[in-house]
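Beneath this line is the structure, given in structure tokens, with notes to follow.
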Amino acid sequence: MDKASGAEHNLRTVDIPAGAVRLEGELGLPPGAVGVVAFAHGSGSSRHSPRNQFVAQALRKAGVGTLLMDLLTAQEERIDAATGKLRFDIELLTGRLMAAADFLSRDAQTLKLPLGLFGASTGAAAALLAASRRKHQVAAVVSRGGRPDLAGEALRNVRAPTLLIVGAEDYSVVDLNRQAMTMLRCERRLVLAPGATHLFEEEGALEQVAQHAAEWFTTYLPRAITT
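-3 is the number of the first residue of the sequence shown in the numbering used here; add one for each residue after it.
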């Protein structure tokens, strides 16, 4: 799996236009990348989330490019910190994620690469909603501790192969993901990480997430090139 272990891989800061705002991101591409994955972080988080940074580094080592981005502007982050509302505005988050997909489809380094989406918590709902609206663009989706239920009926329209990873001890979220499995009509899989809770803070839990995600993306992103 480890195609490019060692130093960081061509990391650069990018500026992503999203309607009336611009979002900051970090794009990393290993040599010979088989695709690129845009991350949608969870509630109250940012592109600096240590959990997403950990998974992104594992993906780059496996030969998959990554785009970590802030879904909210600095001003919106301050509003959300006070109200907690924007992190649950799935339409807003989805629009920002689709803006990132548009950016990647235009960037010289990524325009020919298959696109994957990685979502955590509420960001997973945005990833699945984006996938339902960009059927011919999104080639694979991975959710970590996600809230797919917040994507509603759009789950039935997702066509990209979808992996749902949930901590086995995160009981309420496990139930929500099991319900989502019955609505998804695409190739799909639910993985319960033994002993893990919602944030995968237990020893070895996040490593499981990274391994499953890397295997999923390295399996399905290359297939998009030949279909």
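Cβ atoms here follow ideal geometry from the backbone N, Cα and C, with glycine treated the same way. In this text, all values refer to a predicted model and were calculated from it rather than measured experimentally.
Asked, Found
"Identified DSSP bridge partners for residue 9", "22"
"Given residue 172 as reference, the closest of 186, 181, 220 once Cα atoms are compared", "186"
"Within the stretch 117 to 165, ranges of the alpha helix (DSSP H) (whole runs, at least 4 residues)", "118 to 129"
"Simplified DSSP state of residue 67, which is helix, strand or coil", "coil"
"DSSP beta-bridge partners of residue 113", "34, 137"
"Span of the alpha helix (DSSP H) around residue 88", "86 to 102"
"Extent of the continuous beta strand (DSSP E) to which residue 107 belongs", "It is not in any beta strand (DSSP E) - residue 107 carries neither H nor E in the DSSP assignment."
"Reduced DSSP category for residue 189 - H, G, I as helix; E, B as strand; rest coil", "strand"
"N-terminal and C-terminal residue of the alpha helix (DSSP H) that residue 54 is part of", "46 to 57"
"Residue 142 beta carbon less than 8 Å from that of residue 217", "no"
"In DSSP terms, what residue 14 is bridged to", "17"
"8 Å Cβ cutoff met for residue 209 and residue 91", "no"
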